[in-house]
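In the working numbering, the protein residues as written are 44 to 132.
Where a beta carbon is used, it is the ideal one built from N, C-alpha and C, also for glycine.
Here is the structure we will look at, set down as structure tokens.
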């Protein structure tokens, strides 16, 4: 009988031509943290279209809140997701 293990795929789909990034993690929390890290690292790419108060606001958000409003920041051009995957051994 095969064993089934759940892993979590962190996905970053960048519609601006940079393609998709994928990383696989053993927990949801680790995968979610990766998507938030990607977003925080990419946040400064969007600063040129923001006012200073918006930059300060977005930098101060929790990971959860940042991910919730990412579509507003990017004009719906980027997408993050954590997708569970069942792997069998």
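* Asked: When you compare only the Cα positions, how much space is there between residue 52 and residue 131?
  -> 15 Å
* **Inside the stretch 56 to 114 only - alpha helix (DSSP H) runs reaching at least 4 residues** => 71 to 86, 95 to 103, 106 to 111
* Return helix, strand or coil for residue 120, following the three-state DSSP convention. => coil
* Asked: Does the distance from the C-beta atom of residue 128 to that of residue 50 stay below 8 Å?
  -> yes
* If we call anything under 8 Å between Cβ atoms a contact, is residue 89 one with residue 116? -> yes
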